[in-house]
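Sequential numbering from 11 applies to the sequence shown in the working numbering. The beta-carbon is built from N, C-alpha and C at its ideal position, and this holds for glycine as well. Structure first, then comments.
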Amino acid sequence: MANIPRLDATASPHEVSAALGESGGVIVEGLLAPDALARLNAELDPLLDGVAPDRDFLNPALAWFFGKRTRHLTAVTTHSRVFVDELLCHPTLLGVCDEILLPSCARYQLNLAHVLDRGPGADAQLLHRDQLVWVHVPRPHPELQVASVVALVDFTEENGATRLVPGSHRWPLERAPEESEAVAAEMPAGSAVIYLGSTIHGGGANRSADVRRRGMHLSYVLGWLRTEENHYLATPPEVARTLPRAAQELLGYAAHDALAAGGGYLGALDLRDPAELLAEGKL
Ligand SMILES: [Fe+2]
């Protein structure tokens with residue numbers, strides 16, 4: 011059985027990208043330093059404690075996909091400044107996006123940041139490819155998405171570590187994986203498994219007695235596609251204006267200007283770049 015390659019936080023974005031191209035996924039240990047991990051979890055603890063056990067979803071399919079044993083925290087950019095400062099603009103993640111996404115867009119953007127706190131008894135997720143949310147893009151197409159799951163506690167096979175099918179980014183769409191082809195991304199807290207939008211993966215079953223598997227899905231997408239989370243509503247201008255410019259840009263507040271590629275612009279406001287309007291105090 012193929013393994014998921016493993017690097018540490020000193021690896022260059024090029025090394026991480028090379029491993030991604032080879033295997034479809036790679037574990038980067040120590041992406042978050044222990045201090046940053048502790049501050050992030052301290053910020054998340056009360057927020058997750060305040061999550062109601064029952065919640066509504068977009069549709070029954072999404073409710074089924076996530077199951078009933080998971081606490082969700084969305085709009086993380088609004089709720090967690092530690093996330094903004096330590097993860098959203100992490101140089102390794104953005105360096106990988108530079109290599110994989112930037113050739114196909116004028117700028118990439120945050121797709122989704124979502125904490126999934128999966129309790130004991132949570133079932134394994136359906137194995138899937140994240141980029142099928144953009145199923146209407148004609149194939150073949152370049153990689154649309156760079157995704158990751160950041161381990162905010164130790165991820166073990168028993169507590170439901172993300173499972174990934176190495177090499178599946180090269181498979182034809184119709185090939186379904188055997189259960190035995192999925193490898194658990196076991197890793198210490200602060201690590202991340204980074205994978206391509208085309209790589210088959212899914213959360214594992216939490217078979218532990220009392221361990222909540224807290225992780226964060228964090229993904230980036232080409233700047234000309236619609237994002238899974240509606241950032242303009244999740245992080246409205248009154249919040250966005252308090253964030254660093256790089257974060258504003260990743261949230262989609264910057265125009266996507268493809269003039270240099272012979273194209274036009276997207277995401278303007280009053281024929282201006284919203285990020286410039288934020289900088290001028292006009293938004
Ligand atoms: Fe996924």
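Check	Outcome
Cα-Cα separation, residue 233 to residue 170	32 Å
Segment contact flag, the stretch 122-137 with the stretch 77-96, C-beta cutoff 8 Å, min 3 pairs	yes
DSSP bridge partner residues for residue 224 (one or two, in chain order)	127
Contained alpha helix (DSSP H) runs [length at least 4] in the stretch 183-217, N- to C-terminal order	none
Cutoff 7 Å: residue 122 Cβ touching any chain D Cβ	The structure shown contains no chain D, having only a single protein chain.
Near ligand 1: residue 133 beta-carbon under 6 Å from a heavy atom	no
Burial state of residue 166, where buried means 16 or more other Cβ atoms lie within 10 Å	buried
Nearest-angstrom Cα separation, counted from residue 24 out to residue 64	42 Å
Per DSSP, the bridge partner or partners of residue 37	16 and 203
Rounded separation between residue 274 and residue 268 - CA only	5 Å
Top-ranked residue by Cα proximity to residue 135, from 99, 71 and 111	71
Where residue 80 falls: helix, strand or coil (DSSP)	strand
Helix, strand or coil at residue 114 [DSSP, three-state]	helix
Rounded distance between the beta-carbons of residue 199 and residue 163, thought under 8 Å	5 Å
Span of the beta strand (DSSP E) around residue 86	Segment 86-89 is the alpha helix (DSSP H) holding residue 86; no beta strand (DSSP E) there.
Under the three-state DSSP convention, the category residue 119 falls into	strand
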